[in-house]
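Okay, so here's the structure we're looking at.
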Amino acid sequence: MTNPYDVERSWPDYFLEHRRLTVEKQGTYQCGDLPVWTVYCPLGLLGNSTIIEGDDGLIVYDTGVNAEAGAHIASEIRKISDKPIKAIFYSHHHGDHHGGTSAIVDRSDVDAGKVVIYAWDNHDEERRNEFGEIGIRQAMGIAYYGGAFLAAEDMHHHGIGLIPAGGTPGFIPETSTLSANTELTIAGVTLNVFYTGGEAISEFGIHIPEFDMVIIADEFFTGIPNMHTIRGSKPRLPDNYVAALDRVLDIRPEWLLGSHIMPIQGKDFIEETITRYRDATQYMWDQSIRLINKGYTAVELQHALKDMPDHFWDPPYSVPMYGTPFTTVPEFFTGWVSWFTGDATDMFPSEPKSKAERFVALMGGSDATLDAAKAAHADGDHQFAAELAQLVVRAEPDNEDARLVKAAALRARGYQELNPIARSWYLTGALELEGVVDPNAVLGAMMGMLGSEETARNTVGAWRYKLDAEAAGDKRLTVGIRVTDTGDEMTVRLRNSVLVVDDGIDTDADAIIEATTSQLADSSQLTGISTVAGDAGAFTRLVELLDFEIIGFKMHQR
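To convert, take the position in the sequence shown, counting from 1, and add 1; that gives the working numbering.
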């Protein structure tokens with residue numbers, strides 16, 4: 002579709018330079034003469050892997066974003082050494098750090114204990130919470146913030162690498178968990194593991210004294226930290242980022258590695274770079290708190306702290322190419338104060354569509370409103386143009402001219418934006434409005450990459466989020482489930498429009514069913530599962546109350 006209101010494609014001065022400094026340098030880098038290598042941006046994708054060669058085996062820290070990236074990492078490993086992989090570390094629960102494992106090691110070797118997979122003890126819980134319980138929303142968010150569905154001529158990147166438009170999931174669950182700072186010796190290499198918890202609450206780094214090296218995971222990037230991700234997450238703790246960086250400064254290593262940087266050498270250079278980056282991180286948090294205590298709300302923080310002071314500018318590290326203040330600082334209000342501004346007018350606002358219809362009527366109708374939007378767009382006020390067009394899109398969802406005006410305004414705003422994540426969201430939103438991006442196709446591609454095998458207990462436990470409470474009403478049902486391939490037993494209890502899942506089969510179960518883990522994971526097979534005791538129709542009635550529909554949704558037409 003040709004948009005008559007479009008402006009010429011452009012990039013801020015540093016945008017393409019950052020791509021040249023990062024993703025275009027993809028490759029495998031050895032740390033001097035040390036037996037340590039970083040596979041940087043495998044296949045151009047975000048998510049490094051670090052390989053450490055020990056006396057009789059290899060240690061791998063992170064495995065890439067998907068099995069395709071993992072296969073590339075595996076091929077690079079075999080160029081380095083034919084020694085067996087002894088251990089894998091998942092630095093944290095985000096998918097670009099564990100998505101390639103099945104292409105690097107055989108599951109049978111993991112099951113046999115030949116390969117130990119380490120993670121922090123909250124890794125599984127956090128992974129299931131962020132990418133399981135709200136996995137559909139996360140999949141949509143990742144697609145919009147990553148640039149994966151933009152046209153090639155938009156020359157996009159994610160600040161730290163490219164995000165793929167899907168891929169094969171390759172996650173293998175961890176087999177050993179860590180709960181405190183600890184020293185491990187693997188293949189003759191001593192590893193001091195230390196908790197960080199910044200970018201993810203499950204995160205940790207590793208200090209290798211023998212090599213005078215720190216691997217710092219996602220606490221240091223080519224771009225200031227993304228202390229809030231607009232794809233959606235629980236609040237990230239600024240003080241944890243700062244503490245992690247202080248740990249690096251305390252160690253003062255000769256080598257600094259991470260999951261999104263090329264290896265950095267030089268004690269003085271590392272100290273100078275990390276100090277500036279650490280202080281930029283503290284600056285955003287401290288100044289937000291100062292202004293919050295003067296009454297600033299989330300939007301007011303965005304405008305007050307939109308740009309970092311010039312003295313923090315330090316390409317390719319302390320630059321707004323991953324996090325950026327205007328998408329970070331609002332979270333310090335909503336995450337630590339409230340979604341509520343404090344103005345009672347905002348406590349229970351008018352329903353958006355109804356409000357838009359009334360505003361459009363007050364402005365003289367949709368044509369007058371769109372004329373004002375077009376004038377603002379022509380004058381270069383693309384944000385206000387999008388806001389005016391949005392009123393008509395909400396009031397009249399079938400108004401194609403309104404969608405095109407809003408799309409053009411968002412695209413123009415995106416072309417002005419240096420931050421790749423914000424830029425991607427603007428540009429992907431424009432494509433959605435023009436009908437180029439199909440939310441269902443986007444969701445299918447991204448969910449496929451995020452998918453991972455789950456235990457039967459986790460699968461059934463997630464049914465609580467699929468219960469159609471209106472259909473359930475005050476119905477009561479209790480069903481026992483016996484998992485035939487694992488021997489696990491559990492009870493699903495419907496009461497008061499909620500599902501409660503407990504371990505074991507309760508004696509008051511209306512019915513007991515037997516099923517395999519794979520049957521329980523496939524919603525299309527549920528109604529065919531046999532009842533072995535009790536009410537033969539109970540489980541079917543329960544399944545009929547579960548909403549398994551997976552459907553993409555529009556972010557910009559609502």
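For each residue, glycine too, the CB sits at the ideal point set by N, CA and C.
request  = Assess, as a yes-or-no matter, whether the stretch 98 to 114 is touched by the stretch 416 to 431 under the definition of 3 or more beta carbon pairs within less than 8 Å.
outcome  = no
ask   = According to DSSP, is GLY133 helix, strand or coil?
value = Sequence index remark: in the sequence shown, residue 133 carries index 132 (1-based). DSSP places GLY133 in helix when its eight states are reduced to three.
request  = Measuring alpha carbon to alpha carbon, tell me which of LEU432, GLY55, VAL8, LYS26 ends up nearest PRO317.
outcome  = Position 316 of the sequence shown holds residue 317. Looking at the Cα atoms, LYS26 is the closest of the given residues.
Buried versus exposed, by CB contacts within 10 Å (16 or more), ASN420 = Locating residue 420 in the sequence shown gives position 419, where the first residue counts as 1. Looking at its Cβ environment, which holds 16 or more other Cβ atoms inside 10 Å, ASN420 is buried.
key: Neighbourhood of GLY45 by C-beta, 6 Å cutoff - its chain only, sequence neighbours within 5 removed   = Residue 45 sits at position 44 when you count from the first residue of the sequence shown. Only VAL24, GLN27, LEU163 meet the Cβ criterion.
inquiry  = Quick check on this structure: which residue in ILE290, LEU444, ILE551, PHE221 has the alpha carbon closest to the alpha carbon of ILE262?
reply    = Residue mapping note: residue 262 aligns to position 261 of the sequence shown, counting from 1. Per the Cα distances, PHE221.
key: Identity of the residue in GLU175, PRO398, LYS407, PHE333 nearest THR456 by Cα   = For this step, residue 456 is matched to residue 455 along the sequence shown. Ranking the options by Cα distance to THR456, first place goes to GLU175.
inquiry  = For THR15 and ASP315, what's the separation of their Cα atoms in angstroms?
reply    = For this step, residue 15 is matched to residue 14 along the sequence shown. For this step, residue 315 is matched to residue 314 along the sequence shown. In the sequence under discussion, the amino acid at residue 15 is Tyr, which differs from the Thr named in the question. Taking the straight line from one Cα to the other gives about 12 Å.
message = Taking 7 Å as the limit between beta carbons, can you name the residues of its chain near ASN123, skipping five residues before and five after?
response = Here the question's residue 123 lines up with position 122 in the sequence shown. These residues qualify, in order along the chain: ILE202, SER203.
task = Give the DSSP bridge partners of THR492, in chain order.
result = By 1-based counting over the sequence shown, the position of residue 492 is 491. Note: THR492 is bridge-paired with GLY481, ASP503 in the DSSP secondary-structure output.
request  = Mind the definition here: the stretch 345 to 359 touches the stretch 387 to 397 only if three or more C-beta pairs lie below 8 Å; say whether that holds.
outcome  = yes
Close Cβ partners of MET448 (< 6 Å) along its chain, the five nearest in sequence each way excluded = To locate residue 448, count along the sequence shown from 1; it is residue 447. Contacts found: ALA140.
request  = Report the residue ranges of all beta strand (DSSP E) runs contained in full by the stretch 174 to 241; include only those spanning at least 3 residues, in chain order.
outcome  = 177 to 179, 183 to 187, 190 to 196, 205 to 209, 214 to 216
task = Please state if the CB of PRO170 and the CB of ALA68 are separated by a distance shorter than 8 Å.
result = Stepping through the sequence shown from its first residue, residue 68 is reached at position 67. Stepping through the sequence shown from its first residue, residue 170 is reached at position 169. Contact: yes.
message = For GLN31, report the span of its beta strand (DSSP E) as first-last.
response = Sequence index remark: in the sequence shown, residue 31 carries index 30 (1-based). That run of the beta strand (DSSP E) goes 28 to 31.
Opening and closing residue of the beta strand (DSSP E) in which GLY535 lies = On the sequence shown, position 534 is the one that residue 535 refers to. GLY535 -> beta strand (DSSP E) spans 532 to 535.
ask   = Quick one: what's got a C-beta closer than 6 Å to ALA299's C-beta in the same chain, skipping five residues either side?
value = Numbered from 1 along the sequence shown, position 298 holds the residue referred to as residue 299. Contacts found: PRO331, PHE334, THR335.
ask   = Roughly how many whole angstroms lie between the Cα atoms of LEU411 and PRO5?
value = As a position in the sequence shown, residue 411 is number 410, starting the count at 1. As a position in the sequence shown, residue 5 is number 4, starting the count at 1. About 14 Å.
task = Can you say whether MET450 is buried or exposed, counting buried as having 16 or more other CB atoms within 10 angstroms of its CB?
result = If you number the sequence shown from 1, residue 450 lands on position 449. With 16 or more Cβ atoms within 10 Å of its Cβ, MET450 is classed as buried.
Cβ shell of GLY100 (< 8 Å), same chain only, five flanking positions each side left out = Position 99 of the sequence shown, counted from the start, is the residue given in the question as residue 100. Result list for GLY100: GLY48, THR64, GLY65, VAL66, ASN67, ALA68, ALA70, GLY71, GLY168, PRO170, GLY171, PHE172, MET450, in chain order.
query = Do ARG237 and GLY199 come within 8 Å of each other at the CB atom, strictly closer than that value?
reply = In the sequence shown, the residue the question calls residue 199 occupies position 198. In the sequence shown, the residue the question calls residue 237 occupies position 236. For GLY199 and ARG237, yes; Cβs fall inside 8 Å.
request  = Quick one: give me the first and last residue of the beta strand (DSSP E) that SER498 is part of.
outcome  = Taking the sequence shown and counting its residues from 1, the one referred to as residue 498 is at position 497. Here SER498 belongs to no beta strand (DSSP E), and DSSP marks it neither H nor E.
inquiry  = Quick check: the Cα distance between GLY160 and ILE422, rounded to an integer number of angstroms?
reply    = In the sequence shown, counting from the first residue as 1, residue 160 sits at position 159. In the sequence shown, counting from the first residue as 1, residue 422 sits at position 421. Taking the straight line joining both Cα atoms gives about 8 Å.
ask   = Is the stretch 249 to 269 close to the stretch 357 to 366, with three or more CB pairs under 8 Å?
value = No contact exists between the stretch 249 to 269 and the stretch 357 to 366.
ask   = Which class does SER319 belong to by DSSP, given the choice of helix, strand or coil?
value = As a working note, residue 319 is residue 318 in the sequence shown. Strand.
key: Cut-off 7 Å between Cβ atoms - residues of its own chain near PRO326, not counting five sequence neighbours on either side   = The count along the sequence shown starts at 1 and reaches residue 326 at position 325. Hits under 7 Å: MET285, LEU306, LYS307, ASP308, MET309.
key: Alpha carbon of THR249 to alpha carbon of VAL194, nearest angstrom   = Locating residue 249 in the sequence shown gives position 248, where the first residue counts as 1. Locating residue 194 in the sequence shown gives position 193, where the first residue counts as 1. Per the sequence shown, residue 249 should be read as Val rather than Thr. Each residue's Cα considered, the two are about 13 Å apart.
request  = Leaving out five residues on either side along the sequence, give the residues of the same chain with a beta carbon under 8 Å from the beta carbon of GLU418.
outcome  = Your numbering for residue 418 matches position 417 in the sequence shown. Answer for GLU418: PRO13, ARG424, TYR427, listed in chain order.
ask   = Who are the Cβ neighbours of ALA377 in its own chain at under 6 Å, not counting the five residues just before and after it?
value = Stepping through the sequence shown from its first residue, residue 377 is reached at position 376. Leaving aside the five residues that flank ALA377 on each side, the residues in its chain whose CB is nearer than 6 Å to its CB run, in chain order, PHE385, ALA386.
inquiry  = Quick check: what's the CA-CA separation for LEU179 versus ASP56?
reply    = Taking the first residue of the sequence shown as position 1, residue 179 is located at position 178. Taking the first residue of the sequence shown as position 1, residue 56 is located at position 55. Answer to the nearest angstrom: the Cα atoms are 24 Å apart.
inquiry  = Can you confirm whether the stretch 146 to 153 touches the stretch 92 to 108 when touching is taken to mean that 3 or more C-beta pairs between the two stretches lie within less than 8 Å?
reply    = no
request  = Kindly indicate which three-state DSSP category SER92 falls into: helix, strand or coil?
outcome  = Within the sequence shown, the letter at position 91 stands for residue 92. Looking at SER92 - three-state DSSP - the assignment turns out to be coil, as it is neither helix nor strand.
query = What whole-angstrom Cβ distance do ASP511 and VAL480 have, given they're in contact under 8 Å?
reply = Taking the sequence shown and counting its residues from 1, one reaches residue 511 at position 510. Taking the sequence shown and counting its residues from 1, one reaches residue 480 at position 479. 6 Å between Cβ atoms; contact.
query = Looking at the unbroken alpha helix (DSSP H) that takes in ALA1, where does it start and where does it end?
reply = This structure cannot speak to residue 1, because the chain is shown only from 2 to 559.
ask   = For LEU292, which residues of its own chain have a beta-carbon under 7 Å away from its beta-carbon, when the five flanking residues on both sides are left out?
value = Residue mapping note: residue 292 aligns to position 291 of the sequence shown, counting from 1. Excluding sequence neighbours, LEU292 sits near LEU302, ALA305.
task = Taking the CB atoms as reference points, tell me whether GLY505 and THR518 lie closer together than 8 Å.
result = For this step, residue 505 is matched to residue 504 along the sequence shown. For this step, residue 518 is matched to residue 517 along the sequence shown. Taking a C-beta distance under 8 Å as the contact criterion, GLY505 and THR518 do not qualify as a contact pair.
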